[in-house]
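Asks: Input: one structure, supplied below.
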Amino acid sequence: MAPRLKLFLPLILFVAMAAFLFRGLSLDPQALPSALIDQPLPEFSLPVLGQEQLIQRSDLLGEVALLNVWATWCVSCRVEHPYLLQIAQDGVPIYGLNYKDDDAAAARWLTQLGDPYRANIADREGSLGLDLGVYGAPETYLLDAAGVVRYRHVGVVDERVWQTILQPLYLELTGEGSGG
Amino acid sequence: MIPEFGHFALIIGFVLAIILAVVPAWGAWRRNSRAMALAPGLSIGLLVFVGISFACLSIAFLQDDFSVQVVAANSNSLLPPIYKFSAVWGNHEGSLLLWALILSLWTAAVAVFSAQLPLLVLARVLSVMGAIGVGFLSFLLLTSNPFARLLPGTPADGNDLNPLLQDPGLIIHPPLLYMGYVGFSVAFAFAIAALLGGRLDASWARWSRPWTNVAWAFLTLGIMLGSWWAYYELGWGGWWFWDPVENASFMPWLAGTALIHSLAATEKRGLFKSWTVLLAIFAFSLSLLGTFLVRSGVLTSVHAFATDPARGLFILVFLLLVVGGSLTLYALRAPSVTSRVSFEWISRESLILCNNVVFLVATITVLFGTLFPLIMDALGGGKYSVGPPYFNAVFVPLMALLIPFMGIGPVARWKRDSVRRWQSELAVPAIVAVLCGFTLPLLNAEYNLWVALASVLSAWLLLGLLRDLWYRVKSAPSLAAGLRRISASYWGMFVAHLGFAACVIGVVATSQYNIEHDLKMSPGDTEVLAGYEFRFVELAQVRGPNFVADEARFEVSRDGEIIARLAPQKRRYLASGQVMTEAAIGAGLFRDLYVAMGEPIGSDGAWAMRLHYKPMVRWMWLGAILIAFGAFTTVFDKRYRRLRKQAVAGASGEALHGA
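Line by line, the protein sequences are chains D and X. Under the working numbering, the first residue of the first sequence is numbered 1, with each subsequent residue one higher. Under the working numbering, the first residue of the second sequence is numbered 1001, with each subsequent residue one higher.
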């Protein structure tokens, strides 16, 4: 009987895999671990890309801003980059989180492709990324003036994403800011 | 009205698929030859009605019928007609319809070209294909109706096709890829039919082999085109990213590669029967898994379709039925006794076993890397992404391990061979290969160890093949007579293995010797790269049918002679406002010159430019074309024609063999 039982092995492995796939259906890979929504941005103190000085959480406060996670190794970051330049020109403050990247390559990228960022946090080891729950680049976080994470978008920010998701939230938050 | 006709034709196709799945299978069970004989007719009917449905959707796209939802979302009146047509499969619903069309195409092809098969086998095979058709057509009709209307509220114009997909490569990439994916359903159906009939023999392997080779060849071409497209369209010169969707197409290819080799051993020597059946099930299951991954939203990817959990659940249930069902059947019916045929360790059989182990490990590696983020997430282990470093670290050594055995393969004899014979046959190729490894990299300025290794391995493959060819030809009265005597399937193997060697050279040379300059350039500037002088002549504004673009005009010269004019563009598509980089490539057999525009810098016409020198990058795709060509060639082998006659003679064989 043993040889026959052995033939069931592929079936058993497949059923185990299917269980994961089923579980996967109810998980949204683009969703932020709920713990961070409406929670303050984690504290950090990391170098500014290409400079000696450090940047901290407090430097990002005071206005509604985007925090964009990017890297030169990231395929989709290159796709969204021109659009980030565009919204930065429209006056939206964007901070960069240069994630697990090489400083020199990142600096070259910015000089060549243009720099939409107010400042770039050089997260070489990915420690802030870990705290944020970044699971891949690009990701874009919407922070309010008090430094609370209000939204997280995983994937490319293009015209559609900006106009249908991020901009309405952004306008709502800035409207609150001027009202209060 | 045309979309409603299309919808109706799809429903008729669905009903025919149900009949095809049920009636001939019942006939095969009850030995009712009238019921079994319905199978070919039903298969052709299925093709006709799914074909009508597909034609109706194409007409809706070509006529700019924006009252149809998918047309409004994926086309635009300014789109050139050829892209209106390819937009049919540039979206979830339409591509699924294409999938169903290709499935019915394969089903009808089996019905027509395998008419000489024993009726019992043919009825079972076609029934299995019909059952797969039921799954896909019900998926279309229940969750993804391509003919849904936007009434009232028809938009004046459509949203346009994603500019990334407005490209000649993308017109034929999905159809070829699906021909491959879906083609494995034939191998799968033959495997299931063999399990149902309880006869796993050499004739089963011989029947399914040509189909499997053709499907695999299509898949090879499809993957190659995808890689080529990424190279010139995405604008940064990469050609493989280990993206989940790429992996989804690569896994069936890897399993399929193991399958076509294992089928050879089953056909020629009656070996590895259960294993080959299992591989046939794997190859098609991985195709279905790919569909699930791309369309369910469980993984993020740059080219995933708009996703929907209801669709994901549907495919998962379908996957459970097809894969779970077939693996259960396998567990119950596969012969558990070790086959009586034996072979020694030094033989072609063990080399095929090596191939199978390497490709299976490669498949599992890619599968694991692709699913790892999902598994960790499901276990509550956090969010992960698995990138190229993992895949490269596992994949490169695996392929390097494969090639030494691959070089011996053609020379080796079935059943029993001797190390001494291998030594005498292959000593010269081995020495020459090592010499090639030392000398070939010297052609380039810097000596590179990886290129040396690739040269040794490719030369070893090439020389092993030539040695074997010589061995086969030398006893013939003349060279021409000797070459004529060689079978089509041998030529197919020869060309495909040659193509693999070319791929290895291309991949390694381009990864190692690639030169890339990113710099700021104004009109009039020049930059020298690997001896080529790139002169930025002028900047121009051009207007396309549905975009406006900045165009940088370059002259590339070598030794003062102009050898190429390149005009990369930065396009802005009017309907969506999306900005796309259109790289310009001066292609050559030994090097590609690649220019892509970055961003404008300042207002004086200066731009960030990306210049690449990519040696031998074409070899990779030419190699893939050779591989596919080789696999197509095998189908013309004489023995498949002879087989038809035999099949007619022995048609009643299994009916007597009985349940």
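From the three backbone atoms N, C-alpha and C, an ideal C-beta is built for every residue, glycine too.
Quick one: what does DSSP say Ala1378/X is sitting in, helix, strand or coil?
Replies: Residue mapping note: residue 1378/X aligns to position 378 of the second sequence, counting from 1. Residue state, collapsed to three classes: helix.
Asks: Assuming Asp101/D contacts Thr72/D under a Cβ cut-off of 8 angstroms, what Cβ separation, rounded to an integer in Å, is found between them?
Replies: Residue numbering aside, residue 101/D sits at position 101 when the first sequence is read from its first letter. Residue numbering aside, residue 72/D sits at position 72 when the first sequence is read from its first letter. Rounded, the Cβ-Cβ distance is 6 angstroms, consistent with contact.
Asks: Any beta-carbon of chain D closer than 7 angstroms to the one on Leu1105/X?
Replies: The residue you call residue 1105/X lines up with position 105 of the second sequence. Leu1105/X does not count as touching chain D.
Asks: Can you name the residues of chain X whose CB is closer than 8 angstroms to the CB of Asp158/D?
Replies: Translated into positions along the first sequence, residue 158/D becomes position 158. Neighbours of Asp158/D on chain X, chain order: Gln1578.
Asks: Nearest to Glu1538/X by alpha carbon, out of Gly1256/X, Arg1565/X and Leu1574/X?
Replies: Taking the second sequence and counting its residues from 1, one reaches residue 1538/X at position 538. That would be Arg1565/X, whose Cα lies nearest to the Cα of Glu1538/X.
Asks: How many Å lie between Val1419/X and Ala1452/X at the Cα?
Replies: Counted from its first residue, the second sequence places residue 1419/X at position 419. Counted from its first residue, the second sequence places residue 1452/X at position 452. For Val1419/X and Ala1452/X, the distance between alpha carbons rounds to 26 angstroms.
Asks: Find the residues of chain D that neighbour Leu1327/X, judging by a C-beta separation of less than 7 angstroms, and give them in chain order.
Replies: Within the second sequence, residue 1327/X is the residue found at index 327, counting from 1. Within 7 angstroms Cβ-Cβ: Pro10, Leu11 and Phe14.
Asks: Taking only three categories from DSSP, how would you classify Gln51/D?
Replies: Numbered from 1 along the first sequence, position 51 holds the residue referred to as residue 51/D. Three-state result, Gln51/D: coil.
Asks: From the DSSP output, read off the bridge partner residues of Thr1154/X.
Replies: To locate residue 1154/X, count along the second sequence from 1; it is residue 154. DSSP output for Thr1154/X lists no bridge partner at all.
Asks: So which residues on chain D does Leu1320/X lean against when the C-beta distance must stay under 7 angstroms?
Replies: For the purposes of this step, residue 1320/X is taken as residue 320 along the second sequence, with counting starting at 1. Result: Ala18.
Asks: So, helix, strand or coil for Ala1109/X, using DSSP?
Replies: Numbered from 1 along the second sequence, position 109 holds the residue referred to as residue 1109/X. Looking at Ala1109/X - three-state DSSP - the assignment turns out to be helix.
Asks: What number of angstroms, rounded off, separates the C-alpha of Gly1492/X from the C-alpha of Ser1104/X?
Replies: Here the question's residue 1492/X lines up with position 492 in the second sequence. Here the question's residue 1104/X lines up with position 104 in the second sequence. The straight-line gap from Cα to Cα measures roughly 27 angstroms.
Asks: Decide yes or no for the touch test of the segment 1613-1628 of chain X against the segment 1197-1211 of chain X: beta carbon pairs closer than 8 angstroms, at least 3 of them.
Replies: No, because fewer than three Cβ pairs between the segment 1613-1628 of chain X and the segment 1197-1211 of chain X fall closer than 8 angstroms, the two stretches do not touch.
Asks: Below 8 angstroms CB to CB, which residues in the same chain sit around Ala1230/X once its five sequence neighbours on both sides are set aside?
Replies: As a first step, residue 1230/X is located in the second sequence; it is residue number 230 there, counting from the start. Cβ neighbours of Ala1230/X beyond the five flanking positions: Gly1238, Trp1239, Trp1240 and Phe1241.
Asks: Alpha helix (DSSP H) containing Phe1391/X: first to last residue?
Replies: The residue given as residue 1391/X occupies position 391 in the second sequence. Phe1391/X -> alpha helix (DSSP H) spans Pro1388 to Ile1408.
Asks: Here's the rule: buried if 16 or more other CB atoms are within 10 angstroms of the residue's CB, otherwise exposed. What is Phe1084/X?
Replies: In the second sequence, residue 1084/X corresponds to position 84, counting from 1. Checking the sequence, you will find Lys at residue 1084/X rather than Phe. By the 10 Å Cβ count, Lys1084/X comes out buried.
Asks: Around the C-beta of Trp1345/X, are 16 or more other C-beta atoms found within 10 angstroms, so that it is buried, or is it exposed?
Replies: Numbered from its first residue, the second sequence carries residue 1345/X at position 345. Exposed.
Asks: Measuring CA to CA, which of Glu172/D, Leu46/D and Tyr95/D is closest to Pro138/D?
Replies: Taking the first sequence and counting its residues from 1, the one referred to as residue 138/D is at position 138. The residue with the shortest Cα to Cα distance from Pro138/D is Tyr95/D.
Asks: Name the chain D residues that come within less than 7 angstroms of Asp1518/X, Cβ to Cβ?
Replies: Here the question's residue 1518/X lines up with position 518 in the second sequence. Those within 7 angstroms of Asp1518/X in chain D are Arg108 and Gln112.
Asks: Give the DSSP-derived three-state secondary structure of Leu142/D in the structure shown.
Replies: Taking the first residue of the first sequence as position 1, residue 142/D is located at position 142. Reduced to three states, the DSSP call for Leu142/D is strand.
Asks: What do you reckon, are the CB atoms on Ala1583/X and Pro1568/X nearer than 7 angstroms?
Replies: Within the second sequence, numbered from 1, the residue matching residue 1583/X stands at position 583. Within the second sequence, numbered from 1, the residue matching residue 1568/X stands at position 568. It is a contact, given that the beta carbons lie within the stated cut-off.
Asks: Taking DSSP as the reference, what is the three-state secondary structure of Arg1467/X?
Replies: Within the second sequence, the letter at position 467 stands for residue 1467/X. In this structure, Arg1467/X counts as helix in the three-state DSSP scheme.
Asks: Using a Cβ-Cβ cut-off of 6 angstroms (strictly less than) and excluding sequence neighbours within five positions of Val1050/X, which residues of its own chain qualify?
Replies: Sequence index remark: in the second sequence, residue 1050/X carries index 50 (1-based). Here the set comprises Gly1013, Ala1100, Leu1101 and Ser1104.
Asks: Compare the beta carbon distance of Val64/D and Ala145/D with 7 angstroms and say whether it is the shorter of the two.
Replies: Looking up residue 64/D in the first sequence gives position 64. Looking up residue 145/D in the first sequence gives position 145. Cβ atoms of Val64/D and Ala145/D: closer than 7 angstroms.
Asks: Please list the partners that Tyr1330/X has in chain D, where partner means a Cβ-to-Cβ separation under 8 angstroms.
Replies: The sequence position of residue 1330/X within the second sequence is 330, counting from 1. Within 8 angstroms Cβ-Cβ: Leu7, Pro10 and Leu11.
Asks: What separation, rounded to the nearest whole angstrom, lies between the Cα atoms of Ala1304/X and Ala1502/X?
Replies: Position 304 of the second sequence, counted from the start, is the residue given in the question as residue 1304/X. Position 502 of the second sequence, counted from the start, is the residue given in the question as residue 1502/X. With a pLDDT of 48 at Ala1304/X, under the threshold of 50, the modelled position of that residue is not reliable, and the figure given next carries that caveat. One C-alpha to the other measures close to 31 angstroms.
Asks: Residues of chain D with CB closer than 9 angstroms to the CB of Glu1599/X, please, in chain order.
Replies: Counting from 1 along the second sequence, the entry for residue 1599/X is found at position 599. Chain D residues near Glu1599/X: His81, Pro82, Leu85, Gln112, Leu113 and Gly114.
Asks: Count the other C-beta atoms from every protein chain shown that fall within 10 angstroms of the C-beta of Met1406/X, then say buried if there are 16 or more, exposed otherwise.
Replies: Taking the second sequence and counting its residues from 1, one reaches residue 1406/X at position 406. With 16 or more other Cβ atoms within 10 Å, it is buried.
Asks: Going along chain X in order, which residues have a C-beta closer than 8 angstroms to the C-beta of Arg150/D?
Replies: Translated into the one-based positions of the first sequence, residue 150/D becomes position 150. None at all; the shortest Cβ gap to chain X is about 19 angstroms.
Asks: List the residues of chain D that Val1451/X touches, going by C-beta distances under 8 angstroms, in chain order.
Replies: What you label residue 1451/X is simply residue 451 of the second sequence in a count that begins at 1. Those do not exist, as Val1451/X stays about 24 angstroms from chain D at its closest Cβ, beyond 8 angstroms.
Asks: Three Cβ pairs or more, each shorter than 8 angstroms: is that satisfied between the segment 1426-1446 of chain X and the segment 1366-1379 of chain X?
Replies: Segments in contact, no.
Asks: Which stretch, first to last residue, makes up the alpha helix (DSSP H) that contains Arg124/D?
Replies: In the first sequence, the residue the question calls residue 124/D occupies position 124. Unbroken run through Arg124/D: none, as it is neither H nor E.
Asks: Enumerate, from N- to C-terminal direction, the unbroken alpha helix (DSSP H) stretches of 4 or more residues contained entirely within the segment 1466-1537 of chain X.
Replies: Counting only runs of 4 or more, we get 1479-1485 and 1488-1513.
Asks: For a contact meaning CB atoms closer than 7 angstroms, what does Arg124/D contact in chain X?
Replies: As a working note, residue 124/D is residue 124 in the first sequence. Ordered by position in chain X, no residue passes the 7 angstroms Cβ test against Arg124/D, which lies about 16 angstroms from the chain.
Asks: Since Ile1562/X is in the beta strand (DSSP E), which residue starts that stretch and which ends it?
Replies: Taking the first residue of the second sequence as position 1, residue 1562/X is located at position 562. Counting along the chain, the beta strand (DSSP E) containing Ile1562/X begins and ends at Glu1561 to Leu1566.
Asks: Within the same chain, show all residues whose beta-carbon is closer than 8 angstroms to that of Phe1271/X, passing over the 5 residues directly before and after it, in chain order.
Replies: On the second sequence, position 271 is the one that residue 1271/X refers to. Note that residue 1271/X is Leu in the sequence shown, not Phe. Excluding sequence neighbours, Leu1271/X sits near Ala1265, Ser1339, Val1341, Phe1343 and Glu1349.
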